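**Q** Take this structure, written in structure tokens, and hold onto it; I'll ask about it next.
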Ligand SMILES: Nc1ncnc2c1ncn2[C@@H]1O[C@H](COP(=O)(O)OP(=O)(O)O)[C@@H](O)[C@H]1O
Ligand SMILES: [Mg+2]
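As structure tokens, then:
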């Protein structure tokens, strides 16, 4: 296995998708063989589990939710991430384990230990080489500031306290994994944020 695995984390509306687009263009320009994927999802089975997880007509317990995320993750690892890493590719994933720790562990209140235990088997052979965390308070996110309201799925529509707890969670996780976790405070200027992310990837030995 000689590829590198990078995950991008952060709360809702802080610019993850925007930055992934910039990163994709950058890697194409530089000729770096890379694949982009997202969680929950990335394989046919995991995309089906995603649809279940985001369906706001379902009442899913926090425990079941955490296990569904872990199952989707395991399929994604086995059928997408590891094969791409074995081909030597740079794999960039929009959300991964840390989102489970923050959202299910802190947002839902299951606790870090429980969510780590639920995920341990899934991620045992596949931890990120580097995680870029876009460090921005979700209650003051770019999306919120722009006045765009496109929250629609079962998790996005959770209340402000839930999202604040997720953010606090990410800040705890930062302390737990200092070797792979890189926080980037985003700028109003999207290209400056992009520059900071490239710098973090270079310093982390991924580029
Ligand atoms: N640096 C930025 N400055 C201003 N607006 C931004 C910035 N980054 C993203 N946005 C805007 O904020 C909204 C949410 O961005 P998005 O990339 O979809 O976030 P996420 O994927 O993290 O939910 C979009 O409307 C996007 O255009
Ligand atoms: Mg997004």
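Numbering (the working numbering), first residue to last: 34 to 240. By construction, the Cβ of each residue, glycine as well, lies at the ideal position given by its N, Cα and C atoms. Only a predicted model underlies this, so the values are computations on that prediction, with no experimental measurement involved.
Quick one: residues in its chain with C-beta nearer than 6 Å to the C-beta of residue 75, no 5 flanking neighbours on either side, listed in chain order?
**A** 109 and 113
**Q** Is it the case that the Cβ atoms of residue 175 and residue 42 are separated by a distance below 8 Å?
**A** no
**Q** With DSSP as the reference, label residue 244 as helix, strand or coil.
**A** A query on residue 244 cannot be resolved here, the shown segment of the chain reaching from 34 to 240 and no further.
**Q** Among 123, 183, 151 and 84, which one has its Cα closest to the Cα of residue 130?
**A** 151
**Q** State the DSSP-derived secondary structure class of residue 123, mapped to helix, strand or coil.
**A** strand
**Q** By Cβ distance below 7 Å, which residues in the same chain neighbour residue 99 in space, the five residues on each side in sequence not counted?
**A** Only 133, 137, 143, 148 and 151 meet the Cβ criterion.
**Q** Assuming residue 224 is part of the alpha helix (DSSP H), what are its boundary residues?
**A** Per DSSP, residue 224 belongs to the alpha helix (DSSP H) from 223-236.
**Q** Looking at the structure shown, is residue 71 part of a helix, part of a strand, or coil, going by DSSP?
**A** strand
**Q** With distances taken between CB atoms, is the gap from residue 155 to residue 107 smaller than 8 Å?
**A** yes
**Q** Rounded to a whole number of angstroms, what is the C-alpha to C-alpha distance between residue 103 and residue 224?
**A** Distance between the alpha carbons of residue 103 and residue 224 is about 34 Å.
**Q** Which one of 61, 220 and 203 has the shortest CA to CA distance from residue 135?
**A** 203
**Q** Look at the alpha carbon of residue 171 and the alpha carbon of residue 51, and state the distance between them as a whole number of angstroms.
**A** 16 Å
**Q** Note down, in chain order, each residue of its chain lying with its Cβ closer than 7 Å to the Cβ of residue 186, except the 5 sequence neighbours on either side.
**A** 87 and 89
**Q** Label residue 72 either buried or exposed according to how many other C-beta atoms from any shown protein chain fall within 10 Å of its C-beta, with 16 as the threshold for buried.
**A** buried
**Q** On the DSSP letters alone, give me the boundaries of the alpha helix (DSSP H) that residue 150 sits inside.
**A** 145-156
**Q** Should residue 46 be labelled buried (16 or more other beta-carbon atoms within 10 Å of its own) or exposed?
**A** buried
**Q** Rounding to the nearest angstrom, what Cα-Cα distance links residue 117 and residue 67 in this structure?
**A** 9 Å
**Q** So does residue 223 have its beta carbon nearer than 7 Å to some heavy atom of ligand 1?
**A** yes
**Q** When you get a sec, list the residues whose CB is within less than 5 Å of any heavy atom of ligand 2, chain order please.
**A** Taken from the N-terminal end onward, the list reads 49 and 50.
**Q** Assuming residue 65 contacts residue 124 (C-beta within less than 8 Å), just tell me the rounded distance between them.
**A** The pair is not a contact, with the Cβ atoms about 12 Å apart (cut-off 8 Å).
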